[in-house]
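Novice:
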Amino acid sequence: MIVFAAGCASRQQALQDAAGTPLTDLNIVRQEIPAPLVQACDNPYFLPNDLMCVSIFSEIRELDLLLPADFDAPKGVKDDSLLNKGSDTLAQASVDAVKRTASDIIPFRSWIRKLTGAQRHSDLVKRAILAGNVRRAFLKGVASAQRCYVEPPQENSVPSALVDN
Numbered sequence: 072m073i074v075f076a077a078g079c080a081s082r083q084q085a086l087q088d089a090a091g092t093p094l095t096d097l098n099i100v101r102q103e104i105p106a107p108l109v110q111a112c113d114n115p116y117f118l119p120n121d122l123m124c125v126s127i128f129s130e131i132r133e134l135d136l137l138l139p140a141d142f143d144a145p146k147g148v149k150d151d152s153l154l155n156k157g158s159d160t161l162a163q164a165s166v167d168a169v170k171r172t173a174s175d176i177i178p179f180r181s182w183i184r185k186l187t188g189a190q191r192h193s194d195l196v197k198r199a200i201l202a203g204n205v206r207r208a209f210l211k212g213v214a215s216a217q218r219c220y221v222e223p224p225q226e227n228s229v230p231s232a233l234v235d236n
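All you need for this note's numbering is the position in the sequence shown, starting with 1, plus 71.
This is the structure:
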């Protein structure tokens, strides 16, 4: 996939998420937590039953698709031109403006989020992402202890839309 197209898709998703903020605040729209992240919440340090390198890497790849890039992930090709930086800044500013406007629709937003359970669910999503990151790091350590060749992450792997900003 072309980097520009991925950037446009993520901007489109960010705008949709920002516009849907009131529905999220009212707990009408909820972000589902994928099963591997729910399992990671239960016990991120669970030793896999199958300690074969292929099985360990399979679980790591599954988490890579659900989580933001790990510290060892390749940075990818980035266009640092002034025009591109300005375009990114403008796009982020427009997303922020939409989110602020959508957030302002609901008076006493923080209380509404608490009363509807939206804040609790948001906290669960953040906890699941953290547990998934811990699980991925643990599995990389297990792979290293098993003397598995630790493959660097793919450059073109796409992070999940689960990341909650």
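Yeah, the Cβ is synthetic: ideal placement off N, Cα and C, and Gly gets one too. Note that the coordinates shown come from a computational prediction; the quantities given were computed from them, not determined experimentally.
Starting from Gln110 and walking both ways along the alpha helix (DSSP H), at which residues does that stretch end?
Specialist: On the sequence shown, position 39 is the one that residue 110 refers to. Residues Ala106 to Asp113.
Novice: When the Cα atoms are used, what is the spatial distance from Ser126 to Ser181?
Specialist: Along the sequence shown, one-based indexing puts residue 126 at 55. Along the sequence shown, one-based indexing puts residue 181 at 110. Near 43 Å, if we compare the C-alpha coordinates of Ser181 and Ser126.
Novice: I need the DSSP call for Ala144, collapsed to helix, strand or coil.
Specialist: Taking the sequence shown and counting its residues from 1, one reaches residue 144 at position 73. Correct three-state label for Ala144: coil.
Novice: If you drop the 5 nearest sequence neighbours on each side, which residues of the same chain put their C-beta closer than 7 Å to that of Leu210?
Specialist: One-based indexing of the sequence shown puts residue 210 at position 139. Hits under 7 Å: Ile127, Glu130 and Ile131.
Novice: Check Cys219 in the structure and name its three-state DSSP category.
Specialist: One-based indexing of the sequence shown puts residue 219 at position 148. The answer is coil: DSSP assigns Cys219 none of H, G, I, E or B.
Novice: Need the endpoints of the alpha helix (DSSP H) that Glu130 sits in, please.
Specialist: By one-based count along the sequence shown, residue 130 stands at place 59. From DSSP, the alpha helix (DSSP H) with Glu130 extends over Cys124 to Leu137.
Novice: Quick check on the burial criterion: 16 or more other C-beta atoms within 10 angstroms. Buried or exposed for Pro145?
Specialist: As a first step, residue 145 must be located in the sequence shown, where it is residue number 74. That one is exposed.
Novice: Check the C-beta distance from Gly203 over to Leu118 and give it rounded, since I have them as a contact under 8 Å.
Specialist: Residue numbering aside, residue 203 sits at position 132 when the sequence shown is read from its first letter. Residue numbering aside, residue 118 sits at position 47 when the sequence shown is read from its first letter. Not confirmed; about 17 Å, so no contact.
Novice: Got a sec: is the Cβ-Cβ distance from Cys219 to anything in chain C below 8 Å?
Specialist: Among the protein chains of the structure shown there is no chain C, as only one such chain exists.
Novice: Taking the beta carbon of Arg218 as the centre, do at least 16 other beta carbons fall within 10 Å, making it buried, or is it exposed?
Specialist: Locating residue 218 in the sequence shown gives position 147, counting from the first residue. Under this definition Arg218 is an exposed residue.
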